[in-house]
Amino acid sequence: PSGDSIGEAAKKLSEASYPFLKEVDWLSDIYIKPIPGAKTKDILQALDKTFVMGSAMDGNALKAAAEAHHKAIGSIDSKGVTSAGDYEAVNAAIGRMVASVPTSKVMDVYNAWAKVVPGEVPNKMISMVNPLDANAAAKAFYEFKDVVKAAQR
């Protein structure tokens, strides 16, 4: 719903990070390559934590996020970038999904994936875009995260 704190924060996040989003080479095969050094057991544990969090999410929030993603996929351009409006809707939907679960479940997912993804991965990804835009996106994300956390149940 528009006018809620998560929706307003998603708007700010989206405006600040869309330049970064447009710089990413979404057509690269880097996204289908194995994570360097990742162990199968650790990946499965991270997936398990993700599924556990997903199963605890509010069903309406989950449905709305699926619909937002579906719409966003429909507006992807030739470079793999969705429209700014659909990007904002996806960010808001993700924020609402995350806010519908306890912080402990979110942190379980974060910590599990932190164990899987080595520091070289984000460093590599940042090297592929304008670092100032990447930093602006990260700053906006951290502000968004704070709003979502404040709305969490």
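The numbers in the sequence shown follow my numbering, run straight up by one, and end at 155.
Just so you know, even glycine gets a beta-carbon here, dropped at the ideal spot from N, CA and C.
Terminal residues of the alpha helix (DSSP H) in which residue i lies
i, result
"TRP115", "105–118"
"ILE8", "7–25"
"ALA153", "133–153"
"MET130", "Element bounds for MET130: n/a, residue is neither H nor E."
"ILE78", "From DSSP, ILE78 is part of no alpha helix (DSSP H); its letter is neither H nor E."
"ASP88", "86–101"
"MET59", "No alpha helix (DSSP H) holds MET59; DSSP gives it neither H nor E."
CB contact flag (residue i, residue j, <8 Å)
i, j, result
"GLU25", "VAL131", "yes"
"ALA142", "SER19", "yes"
"LYS65", "ASP88", "no"
"GLU145", "LYS35", "no"
"GLY76", "LEU29", "no"
"ALA136", "PHE22", "yes"
"ALA63", "ARG98", "yes"
"VAL108", "ALA11", "no"
"SER16", "ALA86", "yes"
Supposed close pair residue i, residue j - CB separation, criterion 8 Å
i, j, result
"LYS51", "VAL111", "5 Å"
"ALA48", "ALA114", "4 Å"
"THR105", "GLN154", "6 Å"
task: Determine, using beta-carbon pairs with one atom in the region 56–65 and one in the region 115–127, whether at least three such pairs fall under 8 Å.
output: The answer is no - the region 115–127 does not touch the region 56–65, with fewer than three Cβ pairs under 8 Å.
- request: Examine the Cβ distances between the region 34–43 and the region 77–94 and report whether three or more of them are shorter than 8 Å.
  value: They do not touch, by the three-pair rule.
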